[in-house]
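Asks: In this note's numbering, the protein residues as written are 539 to 794. Beta carbons are placed, not taken as given, at the ideal position from N, Cα and C, and that holds for glycine. The structure is given below, and queries will be raised subsequently.
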Amino acid sequence: MPSTTNTVNVTAHFPGNSTTNVSSSPSATQVAVNDTTAPVAPSGVVVSPQPAVDGDQVTVSGSAEAGSEVSVMVGGVEVCSATATVAGTFECVFTASESQDGLPVSVTATDAAGNTSQPGSGGTLEVDEAPVPTDPSVEITPNPPVEGQETEIEVVGDEGDEVVVTIGDEEICRVTIGADGTATCTWTPGAPGETEVVIEVGDSEPIVDTVDVAPADETGTVPGGSLGSLLGGSLGGDNGGGGSLGSLGSLGSSGS
């Protein structure tokens, strides 16, 4: 029998007569009333997110008798509990596990007298395998970078991860990896020499890349006239032409 939760006070009243006035006795008797009525089964149960991913925080909410203790079970095992508000709503949170995938979610309410409702259904829990994180990688183009020339820093990682690129004390880029798994920053080196580039990607360990920035005049271009002089001097001399091909030097000069 559930515990006693209500009492009734009994008072005797005398209506009075010709010799005695009307009177009432003190409350002298208490009659215990046992609460044997179970709460209505919780309703409107919502499980979110669905599907969840292994390790996600899952919220279960709905309606239940005000003040009742609400228990949420997955596959018959309690995963969280809460007290229904005076408005008759509840919410509790648990961590999803892949082992719970496909198990039923049920919710019961227990009142102060210990009466437990029939279970309300929250449907079937869906839990997907957690994705394996991608080890981020970085590609710098051109490599080595060139002083004064725009350099592209491409990062490959997991969609949604934030990328922060820092050089010295200056943050040069903050972007988010897109659906294609890449994010791109640009940087224009201001001076030649060794430069440390720090790339932070999500929660991964920062990637530190030391690049040797080339001076602006060391780009691999051929100075004006050098090609013509080289060909004219060597081929002209070999053929006795006295530098007839050396006129190509003028082409080199015009290109300078």
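Please list, in chain order, all residues of the same chain as A634 whose beta carbon is under 6 Å from its beta carbon, the five residues on each side excluded.
Replies: Exclusion of the five residues before and after A634 leaves A590, D594, V596, V665 as the residues of its chain whose Cβ lies within less than 6 Å of its Cβ.
Asks: With a floor of 3 residues, list each beta strand (DSSP E) that falls wholly inside the stretch 675-747, ordered by position along the chain.
Replies: You should have 675-679, 689-694, 700-705, 708-714, 720-725, 731-739.
Asks: If you follow the beta strand (DSSP E) that A620 is part of, which residue opens it and which one closes it?
Replies: 615-621
Asks: Taking DSSP's pairing of strands, which residues face V631 in a bridge?
Replies: T597
Asks: Would you check if the distance between the CB atom of P682 and the CB atom of V598 is smaller than 8 Å?
Replies: no
Asks: Would you decide whether T714 is buried or exposed? Buried here means 16 or more other CB atoms lie within 10 Å of its CB.
Replies: exposed
Asks: Can you tell me which residues form a DSSP beta bridge with G658?
Replies: V645
Asks: Please name the residue or residues paired with D666 in a DSSP beta bridge.
Replies: V591
Asks: Report the rounded CA-to-CA distance for L765 versus S742, giving the unit in angstroms.
Replies: Its pLDDT being 42, under 50, L765 is placed unreliably by the model, and the measurement read from it follows with that caveat. In a straight line, the C-alpha of L765 is about 50 Å away from that of S742.
Asks: Here's a check: name, in chain order, each residue in its chain whose Cβ is nearer than 8 Å to the Cβ of G728, leaving out the five neighbours to either side.
Replies: Within the same chain, E685, G686 come within 8 Å of G728 by CB-CB distance, once the 5 residues on both sides are set aside.
Asks: Report the rounded CA-to-CA distance for S655 versus S586, giving the unit in angstroms.
Replies: 23 Å
Asks: Using three-state DSSP, classify S581 as helix, strand or coil.
Replies: strand
Asks: With 8 Å as the threshold, decide whether the Cβ of V693 is near any Cβ in chain C.
Replies: As a matter of chain content, chain C is missing from the structure shown, which is built from one protein chain.
Asks: In angstroms with no decimal places, state the Cα-to-Cα distance between E738 and E709.
Replies: When rounded, the distance between both Cα atoms is 11 Å.
Asks: From what residue to what residue does the beta strand (DSSP E) around V610 run?
Replies: Run containing V610: 607-612, per the beta strand (DSSP E) assignment.
Asks: Sorted by chain position, which residues of the same chain lie with C-beta nearer than 7 Å to V578's C-beta, five sequence neighbours on each side aside?
Replies: E603, S655
Asks: Going by Cα to Cα distance, which pick from T724, T704, P671, T574 is closest to E734?
Replies: Comparing C-alpha distances from E734 to each of T724, T704, P671, T574 shows the shortest one belongs to T704.
Asks: To the nearest angstrom, how far is the alpha carbon of V583 from that of E667?
Replies: 24 Å
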